[in-house]
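Please read the structure below before turning to the comments.
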Amino acid sequence: MSSASRDHQPATIAVTAGRPQRGPDQPLNVPITMASAYGATGELEYSRYGNPSWAAFEDALGALEGGRALAFSSGMGAVTTVLDLVGHDGLVVAPAHSYTGTLLQLADLESRGRIRTKLVDITDTEAVVAASEDAALVWLESPTNPALEVADIATISAAAREAGAYVVVDNTFATPILQQPLTLGADIVVHSVTKYLAGHSDVLMGALVTADEELYAVLKGRRELMGATPGTLESWLALRGLRTLHLRVERAQANAAELVRRLREHPALSEVRYPGFGGIVSIVLAGGADAADRVTRGTDLWVHATSLGGVESTFERRRRWKAEPATIPEGLVRLSVGIEDVEDLWEDLRGALDPVV
Ligand SMILES: *Cc1c(COP(=O)(O)O)cnc(C)c1O
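In terms of this note's numbering, the sequence shown has 195 at position 208, counting the first letter as 1, and numbering is strictly consecutive.
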């Protein structure tokens, strides 16, 4: 497989990495390899150990994040594999507003006596650093879902590594286009590929990336034994999505910034949360849950659905999920801004917001 030069910019890497060797009659894209076993004595042997369609996606994502990637069956498959690095009774420090699946997994492991957890306000760098002193693993998510808090990844990583803890960053919201945690000192990057990386709301997949060869080998071994391996078609679709990641992120971000400017003036809202980058915006309806529910029923373009990071704009009231922390306001609606025309998006959203003032 040809690998893109690390000297290239992300837009070039997204397009060129993970391609087959060039040559007469060589396909420009890695084919979908449907196989559960390979001829014996080679490097692959069995399909739980590897697949050329995974490898192409992994080459591309690894080049974008500055490490080596491993694809997983889902974001949660990747999350669970990382948490398995923590020894018995080890301490995990994590954001109080982590992704709900991550919080549920941490709570489950703690309730069974496997690990201890300490949930922190990720914006309070001093408190996070202090909590990390005895940690085995420091989990960061930045921006957080859906509170959109931002962590000082570089400062926390330096302190946590000094204390001997692994530093893991869930980079699902920012994507490697906007933030590369390995260059900021993190050990492992986690992705729900389901979201921006695949980008078309048609794939469930996850990934880990690390620049540490030993850690890579350990995580690959865990993937083989836990069996959280991705589908071949999914890997192919995810790589196809990744080819336009930079364009989609740029457009979603430009649309989000313009919508935020207008939403900040809207009298139906008590709060507009936006970290200043990316395509996710959280708005809080002054009228609470009822007003928020009316907005999510009142649009034509915006799709009422969970998940995020697709080409189409979606939104949902997060507290409709029982597992969402009670510190997230009842009237908070998370917007995943897509790549449609921004005036069309605004007209549609305004049409749903105006009646609930
Ligand atoms: C969706 C999500 C996950 C979980 O990924 P799945 O692909 O749904 O298993 C993890 N972290 C964040 C930030 C997410 O948004």
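Backbone N, C-alpha and C define an ideal beta-carbon position, used for all residues, glycine too. Note that the structure is predicted; figures quoted are calculated from it, not measured.
- Put simply, of G74, K182, D199 and A56 the residue whose alpha carbon is nearest the alpha carbon of G5 is A56.
- The C-alpha of T159 is placed about 14 angstroms away from the C-alpha of L169.
- At a threshold of 7 angstroms, D157 counts as near ligand 1, since its beta carbon sits closer than that to one of the ligand's heavy atoms.
- Residues of the same chain with a CB within less than 6 angstroms of the CB of P130, apart from the 5 flanking positions on each side, are V137, F160 and P262 in chain order.
- In this structure, DSSP gives T231 a state outside helix and strand, which the three-state scheme calls coil.
- In the structure shown, the three-state DSSP call for G338 is helix.
- The alpha-carbon separation between E317 and R304 amounts to approximately 8 angstroms.
- Annotation for G218: S60 and M192 place their beta carbon closer than 8 angstroms to its own, counting only its chain and skipping 5 residues before and after.
- In the displayed model, S222 falls within a helix according to three-state DSSP.
- If you draw a straight line from the Cα of T283 to the Cα of A204, it comes to about 45 angstroms.
- Here P82 is buried. Its C-beta has 16 or more other C-beta atoms within 10 Å.
- One Cα belongs to V125, the other to S34, and the distance between them is close to 32 angstroms.
- Residue pairing by DSSP places R304 opposite V320 in a beta bridge.
- When secondary structure is reduced to three states using DSSP, V177 falls in the strand class.
- Our two residues, H75 and R103, have alpha carbons roughly 9 angstroms apart in a direct line.
- Within the region 134 to 165, the runs of beta strand (DSSP E) that reach at least 3 residues and sit entirely inside it are, in chain order, 153 to 157.
- T216 has its Cβ no nearer than 7 angstroms to any heavy atom of ligand 1.
- Residue state for F59 is assigned as strand, using DSSP reduced to three classes.
- A straight-line Cα-Cα distance of about 11 angstroms links G266 and K182.
- V155 and I140 have their C-alpha atoms roughly 10 angstroms apart.
- The region 212 to 226 makes no contact with the region 90 to 105, as fewer than three CB pairs between them are under 8 angstroms.
- Note that the C-beta distance between E327 and S300 is below 8 angstroms.
- Per the coordinates, the alpha-carbon of R260 lies some 28 angstroms from the alpha-carbon of A(-2).
- Sixteen is the threshold: when 16 or more other Cβ atoms of the shown chains lie within 10 Å of the Cβ of G62, as they do, the residue is buried.
- Here L272 is not near D335, since their CB atoms are 8 angstroms or more apart.
- Between G49 and V196, the gap from beta carbon to beta carbon is short of 8 angstroms.
- With a cutoff of 8 angstroms on beta-carbon distance, S222 and A58 are scored as near each other.
- The beta carbon of S294 is closer than 8 angstroms to those of T181, K182, S188, T301 and S323 in its chain, skipping five residues each way along the sequence.
- Per DSSP, I326 lies in no alpha helix (DSSP H) segment and is marked neither H nor E.
- When secondary structure is reduced to three states using DSSP, L295 falls in the coil class, being assigned neither helix nor strand.
- Checking the DSSP bridge columns, you'll see A81 partnered with L106.
- A152 is not a Cβ neighbour of G53, given a cutoff of 8 angstroms.
- The three-state secondary structure of Y203, taken from DSSP, is helix.
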